[in-house]
Amino acid sequence: MPSESPSSLRYVSTRGEAPELSFEDALLAGLARDGGLYMPKAWPKLSHETIAAFAGKPFAEVAASLLEPYLGGCIPRGELITLARDAYARFGHPAVTPLVQIDRSLWVLELFHGPTLAFKDVAMQLLARLMERVLGTRGERLTIVAATSGDTGGAAIEAFRGSSRVDAVVLFPQGRISDVQRRMMTTAPEPNVHAVAIEGTFDDCQALVKAMFNDLAFRDRLQLGAINSINWGRIIAQLTYYFVAGAALGSPHRPMSFSVPTGNFGDVFAGYCAKAMGLPAERLVIATNENDILYRAWGTGMYTQADVVATTSPSMDIQVSSNFERFLFEATGRDAAFVRNKMNGLRQSRSIGLGEAMVPYRESFIAERVDQAAVTDCIRRVKADSGYLLDPHSACAVVAARKTMTSQSQHIPHIALATAHPAKFPDAMQTIVGERPNLPPRLARLMSDPERIAVLPNDLAAVERFVEDRSACRRGAAA
Ligand SMILES: *Cc1c(COP(=O)(O)O)cnc(C)c1O
1 MPSESPSSLR
11 YVSTRGEAPE
21 LSFEDALLAG
31 LARDGGLYMP
41 KAWPKLSHET
51 IAAFAGKPFA
61 EVAASLLEPY
71 LGGCIPRGEL
81 ITLARDAYAR
91 FGHPAVTPLV
101 QIDRSLWVLE
111 LFHGPTLAFK
121 DVAMQLLARL
131 MERVLGTRGE
141 RLTIVAATSG
151 DTGGAAIEAF
161 RGSSRVDAVV
171 LFPQGRISDV
181 QRRMMTTAPE
191 PNVHAVAIEG
201 TFDDCQALVK
211 AMFNDLAFRD
221 RLQLGAINSI
231 NWGRIIAQLT
241 YYFVAGAALG
251 SPHRPMSFSV
261 PTGNFGDVFA
271 GYCAKAMGLP
281 AERLVIATNE
291 NDILYRAWGT
301 GMYTQADVVA
311 TTSPSMDIQV
321 SSNFERFLFE
331 ATGRDAAFVR
341 NKMNGLRQSR
351 SIGLGEAMVP
361 YRESFIAERV
371 DQAAVTDCIR
381 RVKADSGYLL
391 DPHSACAVVA
401 ARKTMTSQSQ
411 HIPHIALATA
421 HPAKFPDAMQ
431 TIVGERPNLP
441 PRLARLMSDP
451 ERIAVLPNDL
461 AAVERFVEDR
471 SACRRGAAA
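My numbering puts the last residue of the sequence shown at 479; the count rises by one with no breaks.
Written out as structure tokens, the structure reads:
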């Protein structure tokens, strides 16, 4: 692919029938108008010196360096560092995403020190500030609609509560998330944020959001924006910890392996992007739970939806991984017609053959399926051996990392991404280790604050009506 100067980096849709956009437009648009996802036209490449120099640098500075080439000059570097510093000021650890070694060659990358105790905060805190900045410059507003399997919604509400430019409505599957997760969405009193329980699964919530975006009249009237990982801004904000952890453990001179608990394929795809930019992420392990569509796709070459099974790692209980579309685009040498065709096929028959597309990529990704027994065993064992308490999502990553450790790869660092704090899933932890981990003191009031919650059927018209009623874009509020 030709390399381009940062100021000219544009974004293209994976389905090839939407106009190319600047970073700001792609950020505010979320989903492309042809139903595709935005991708940069070229990968910015980082030199070995640049990557090596990340070691020991403040997190915000690394974040600014990584984002800058994607932004096309729309935010000056100094201001970008300030935004990033601000975004991470509320994290409960000075390193933002610290590494903890739990075994020989095995590290846990703690991504859960943000306000809602899951890795989504790392990207969402930065994304919200980027959006506010772009909207402010343009004098515009946005209505955000998002589907959440539990963690995105809380992170979004936390990041956008009180915003003067954004209204946010998040849809979650009723009864399928933990009480802590629900309360992180329903206890914010600010009138610009709304949590809606949908009578359905996460995939239903995601389908409703996609349908709202594909209703172009509604989309334009409400100025819809997306903060799910279909938004390119989310993906680049997740590059940060791959490089920070990599540099801490010897990148670019030493290859390493990342094991990523996977649902929507956003996080592990960010790892792929980091690799495309020059990080020696020798292997990216896709760790799934029993909702194993990606594991099956890797093994069989057939991407076939099954019914969602509820597990102790609910944020991975997903059977339609949105960002898989970005991977298909890459793996086919950016063949938008192929992607369009396959995605239409998937909608019609819930199953597509991936053909030759996967083959060259099998080497860099490894998929592992981790069942409940393995998660339970891992959490108990790690606790007994080192006193370290993993949550079920993070345990999937640790199990998968161990499965992929071969005699040849044992010398390289294996980094398992810890995507949630165990206190976010107290019932599961009670069952597995017989104790309910304490919430950090800064969340002391979470379980007693009053909740505000709407319940809606799995019905597009009902959800659109709700969004329309709540959005200030609709009310015609001056920006
Ligand atoms: C969202 C989430 C995941 C899955 O991440 P994707 O980017 O959707 O693959 C894993 N673990 C936790 C705790 C999450 O919140």
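Glycine included, every Cβ here is placed at the ideal spot set by N, Cα and C.
Item to complete: Determine the burial state of Thr240: buried for a count of at least 16 other Cβ atoms within 10 Å of its Cβ, exposed for fewer.
Response: buried
Worksheet entry | Whole-number beta carbon distance between Leu446 and Met184, since they are thought to touch under 8 Å | 7 Å
> By DSSP, does Arg254 sit in helix, in strand, or in coil?
Replying inline: coil
- Ala480 to Val433 span [Cα, whole Å]: Nothing can be reported for residue 480, as the shown portion of the chain is limited to 1 through 479.
Q: Please indicate yes or no: does the CB of Ala118 lie closer than 6 Å to some heavy atom of ligand 1?
A: yes
Is it the case that the region 410-420 contacts the region 251-260, given that we only count it when at least three CB pairs across the two stretches are under 8 Å? yes
(Q) With the cut-off set at 7 Å, would you say Val170 and Ala188 are in Cβ contact? (A) no
* How do the region 203-218 and the region 244-251 stand: do at least 3 beta-carbon pairs fall below 8 Å, yes or no? -> no
Open item on the list: Tell me which residues share the same chain as Ala310 and place their Cβ nearer than 7 Å to its Cβ, disregarding the 5 neighbours each side in the sequence.
Closed with: Arg176, Asp317
Next on the checklist: Would the region 150-170 count as touching the region 108-119 if we require 3 or more Cβ pairs under 8 Å?
Outcome noted: yes
(message) Bridge partners for Arg369 per DSSP, in chain order?
(response) Thr288
- Query: Is the Cβ-Cβ distance between Arg90 and Glu132 less than 7 Å?
  - Reply: no
Below 6 Å, is the gap between the Cβ of Pro261 and the nearest heavy atom of ligand 1? yes
Can you have a look at Thr97 and say buried or exposed, based on whether 16 or more other CB atoms are within 10 angstroms of its CB?
buried
### Of the listed residues Tyr295, Gly299, His421, nearest to Ser108 (C-alpha basis)
The sequence shown places Val at residue 108, rather than the Ser named in the question. That would be His421, whose Cα lies nearest to the Cα of Val108.
DSSP beta-bridge partners for Pro261?
Ala287
*Range of the contiguous alpha helix (DSSP H) that encloses His393*: 392-404
(Q) Going by DSSP in three states, Arg459 sits in which element: helix, strand or coil? (A) Residue 459 is actually Asp in this sequence, not Arg. Asp459 falls in the coil class under three-state DSSP.
query = Beta carbon of Thr419: closer than 6 Å to some heavy atom of ligand 1?
reply = yes
Judging by CA-CA distance, which residue of Ala53, Phe324, Leu456 is the nearest neighbour of Leu208? Leu456
Note to self: Quick check: the Cα distance between Ser5 and Phe23, rounded to an integer number of angstroms?
What the structure shows: Legend: pLDDT at Ser5 = 48, less than 50; position of this residue unreliable, value from coordinates given subsequently. Spanning the two alpha carbons is a distance of roughly 14 Å.
Legend entry - Best match in Thr50, Asn341, Phe265 for proximity to Gln319 [C-alpha to C-alpha]: Phe265
| message | Would the region 459-470 count as touching the region 339-347 if we require 3 or more Cβ pairs under 8 Å? | response | no
Quick check: the Cα distance between Ala477 and Val370, rounded to an integer number of angstroms? Legend: pLDDT at Ala477 = 46, less than 50; position of this residue unreliable, value from coordinates given subsequently. Distance between the alpha carbons of Ala477 and Val370: 49 Å.
* Quick one: Cα of Ser3 to Cα of Ile230, how far? -> Per-residue confidence for Ser3 stands at a pLDDT of 44, beneath the threshold of 50, marking its modelled position as unreliable; no derived number is given.
>> Pop quiz: Gly72 and Ala336 are said to be a contact at Cβ under 8 Å. What is the actual Cβ separation, rounded to whole angstroms?
In response: That pair is no contact at about 22 Å.
Can you look up Glu363 in the DSSP assignment and give me helix, strand or coil? coil
Taking DSSP as the reference, what is the three-state secondary structure of Ala55? coil
query = Near Trp298, which residues of its chain fall below 6 Å by C-beta distance, leaving aside the five closest residues on each side in sequence?
reply = Ala367
Q) Thinking C-alpha only, which one of Glu325, Val180, Tyr361, Ser105 is nearest Gly250? A) Ser105
Check: Under a Cβ-count criterion, where at least 16 other Cβ atoms within 10 Å of its own Cβ denotes burial, should Glu356 be classed as buried or exposed?
Finding: exposed
- Task: Just grab the DSSP bridge partners of Phe172 for me.
- Result: Ala197
**Prompt:** What's the gap between the Cα of Glu68 and the Cα of Phe269?
**Reply:** 19 Å
message = Going by the DSSP bridge assignment, what does Ser13 pair with across the sheet?
response = Tyr38
- Query: Whose C-alpha, out of Arg380, Glu464, Pro252, Cys473, is nearest the C-alpha of Glu435?
  - Reply: Arg380
message = If contact is defined by three or more beta carbon pairs under 8 Å, each pair taking one atom from either stretch, is the region 272-281 in contact with the region 35-55?
response = yes
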